[in-house]
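Notes follow the structure.
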Amino acid sequence: MLIKTMAGVLVVALAAAGSAVAAECSLPPDAVAGKTVSNQCKACHAFEADKPSRPTAPTIHDVFGEKAVVRKDFPKYSEAMTMASGKGLVWTEDKIFDYLADPKAFLTKFNGTDLKNAMFFQLKDEQKRKQVIAFLKAIKGKPECN
């Protein structure tokens, strides 16, 4: 009887372990590199799907392919970002690439006017920007990835 019980416990434990493995996040190499680069963004942004926006910046887990200014739990979007959203800014690969290089210049060009912007960080390295984009694309719709 004890052996049957232990065997049953082992089967349940293995099944649970299999479920845990299935829920792990698998990222392509460029996205793994982007995850490392994005660590410098975590001072302001949260990347976890289940985390609320921080007081400093919105959660950006599912930002890729989304319209700008969609996080209802972040009420402090800048004037420039709010205007860009009203003009239909969607976070595509090209838009993120240009935005990360110089957010103020990007929003000024997109909006056609210079308004207050809250993000001052600039990621000048093109390869690193591509890696961050690969990471954002890879985690889109995958809450187990962050």
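Residue 118 is where the sequence shown starts when you use the numbering used here, and the numbers rise one by one after that.
Note that CB positions come from ideal geometry on N, CA and C, so glycine has one too.
It should be emphasised that the depicted structure is a prediction, and the values quoted were computed from it without experimental measurement.
Pair within 8 Å by beta-carbon distance, residue i and residue j
i	j	result
VAL249	SER143	no
TRP208	GLY229	no
MET200	ASN234	no
LEU206	ALA185	yes
ALA163	ASP179	no
Inter-residue CB distance, residue i and residue j (contact presumed, cutoff 8 Å)
i	j	result
ARG171	CYS158	Not really, about 11 Å apart at Cβ, beyond 8 Å.
ILE213	LEU240	Not confirmed; about 10 Å, so no contact.
LYS251	GLY151	It is worth fixing the name first, because residue 251 is Ala in this sequence and not Lys. That pair is a contact at about 5 Å.
Cβ neighbour criterion (16 or more within 10 Å) applied to residue i
i	result
PRO175	buried
PHE280	What the structure shows of the chain is the stretch from 118 to 263, and residue 280 is not part of that stretch, so it cannot be assessed.
VAL187	exposed
PRO192	exposed
Practice task
At 4 residues or longer, and completely inside the segment 201-260: list those alpha helix (DSSP H) runs for me, N to C.
Solution key: Runs found: 210-218, 220-228, 243-256.
Practice task
May I ask you to verify whether the segment 227-243 touches the segment 144-151, counting CB pairs closer than 8 Å and requiring at least 3?
Solution key: Result no; under three Cβ-Cβ pairs closer than 8 Å.
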